[in-house]
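K.L.:
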Amino acid sequence: MHPKSKTATRELTDRQFIRYSRQIMLSEVDEAGQINLLNAKVFVVGMGGLGQQLVQLLAAAGVGTVLFMDFDKVELSNLPRQLLYDAHDIGKYKVNAALSKLETAYPDSHFIAVNDYFDECFFNTGHGGNKLEVLLGAMPDLVFDCTDNFIARHKINDLCVHHSLVLISAAVANFNGQLFSYIPKPNIPKKSSSNPSVNKSAANFRDTENSAPACYHCLYPRDTQIEQSCSHTGVLGPAVATLAAMQAMMGLNVLLSNSPQGGVLHKFDAKKLSWSRYGLSQDPSCPVCASRIDDNRASLAV
20 MHPKSKTATR ELTDRQFIRY SRQIMLSEVD EAGQINLLNA KVFVVGMGGL GQQLVQLLAA
80 AGVGTVLFMD FDKVELSNLP RQLLYDAHDI GKYKVNAALS KLETAYPDSH FIAVNDYFDE
140 CFFNTGHGGN KLEVLLGAMP DLVFDCTDNF IARHKINDLC VHHSLVLISA AVANFNGQLF
200 SYIPKPNIPK KSSSNPSVNK SAANFRDTEN SAPACYHCLY PRDTQIEQSC SHTGVLGPAV
260 ATLAAMQAMM GLNVLLSNSP QGGVLHKFDA KKLSWSRYGL SQDPSCPVCA SRIDDNRASL
320 AV
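Residue numbers (the numbering used here): 20 to 321.
#1: According to DSSP, Val191 sits in a beta bridge with which residue or residues?
#2: Note the first and the last residue of the continuous alpha helix (DSSP H) segment covering Met269.
#3: Could you work out which residue in Tyr136, Glu30, Met269 and Ile43 is closest to Lys92 when comparing CA atoms only?
#4: Taking all protein chains shown into account, do 16 or more other C-beta atoms lie within 10 angstroms of the C-beta of Lys174, making it buried, or fewer, making it exposed?
#5: Please report how far the alpha carbon of Gly253 lies from the alpha carbon of Thr166, in whole angstroms.
#6: Could you name the residues of the same chain whose beta carbon sits closer than 7 Å to that of Ala258, not counting the 5 residues immediately before and after it, in chain order?
#7: Assuming Phe163 contacts Ile187 under a Cβ cut-off of 8 Å, what Cβ separation, rounded to an integer in Å, is found between them?
#8: What does a CB cutoff of less than 7 Å around Arg296 pick up in its chain, not counting 5 residues either side in sequence?
#9: Since Leu238 contacts Ala189 with CB under 8 Å, what's their CB separation in whole angstroms?
#10: Kindly indicate which residue of Val273, Ala117 and Ala171 has the alpha-carbon position closest to the one of Cys140.
#11: Return helix, strand or coil for Asp177, following the three-state DSSP convention.
#12: Counting pairs of beta carbons, one from the stretch 303-311 and one from the stretch 67-86, are three or more of them closer than 8 Å?
#13: What residues match up with Met88 in a beta bridge as DSSP calls it?
#14: Within 10 Å of its beta-carbon, does Thr123 have 16 or more other beta-carbons around it, so buried, or fewer, so exposed?
#15: In the DSSP assignment, the beta strand (DSSP E) including Asp164 goes from what residue to what residue?
#16: Relative to the alpha-carbon of Asn115, which residue among Asp127, Asn97, Phe87 and Pro99 has its alpha-carbon at the smallest distance?
#17: Return the chain-ordered list of same chain residues with a C-beta closer than 7 Å to the C-beta of Pro99, the five sequence neighbours on each side being excluded.
#18: Would you kindly work out how many angstroms separate the C-alpha atoms of Gln280 and Ala267, rounded to a whole number?
#19: With DSSP as the reference, label Gly70 as helix, strand or coil.
#20: Among Glu30, Leu155, Asp127 and Val64, which residue has its Cα nearest to the Cα of Asp49?
#21: How many angstroms separate the CA atom of Glu94 from the CA atom of Leu155?
#22: Determine, using beta carbons only, whether Gly65 and Asp89 come nearer to each other than 8 Å.
#23: Give me the DSSP bridge partner(s) of Arg296.
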């Protein structure tokens, strides 16, 4: 699949000025920031409770290219928290049900839907580059992990660390949610983007205290045994929406260079309506990020 790439935005149209006027009024956004958003490329893994709301929030803000992937179909039990879908979508693949609605609602965004499992091969280099780079036309400025299992989260984390990609991961189960970001160090080159201003701004906030950033494996080693799937523990829709909104806010801060901090775990208690914040340091024995300077790691076939 070789989808048509979105043409780079160099100036806003009159319609775009009106559409995004309330956020352009913010000094942290302004016209230049809005152009950055329209030129940004993001990759969203998972189109369930978190992913489908996250994609809408990003597109509503004017993020220009959104690649999203999922392998699942819409079920009746999804509808209380997956508001992009309705009863007519039951039995359809989520990415297909989402695509037409998103394209209608957000004409400034270019959407690429991938109906598949996430796997390491998605990053493997083949003819013309790895599959992700081929689909987007460049490596993404951001990766969002909206999956619901540890295996997928660790695969995504491994590859984001290996490719020096900013990762924002969220999870919700029961009345508890968490938000975590991995932000690479500025002295580690990032794959080039079609929007140099986004990559340049991203370098401004990475590792502001010159400490090694913690990755998801530092937080939850692979042998951690925690059941976090809402299909087993239950969840309320507003808790999911809260984490999706915070995930989107963190992502927009990254794209707008509004000094988000990596290596910080944010926890949400939906019963108490309270947030807790924990600063994390890199695990010096982490097999993923502590040894990432070795580009020839045999564990990643890239």
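Every residue gets a Cβ at the ideal spot worked out from N, C-alpha and C, and that includes glycine. Only a predicted model underlies this, so the values are computations on that prediction, with no experimental measurement involved.
P.N.:
So, to answer that:
#1: Gly196
#2: Gly256 to Leu274
#3: Tyr136
#4: buried
#5: 15 Å
#6: Val191, Phe194, Gly196 and Ala289
#7: 5 Å
#8: Val283 and His285
#9: In fact, because the Cβ distance is near 13 Å, the residues do not count as touching under 8 Å.
#10: Ala171
#11: helix
#12: no
#13: Val64 and Val133
#14: exposed
#15: Leu161 to Asp164
#16: Phe87
#17: Gly256
#18: 15 Å
#19: helix
#20: Glu30
#21: 29 Å
#22: yes
#23: His285
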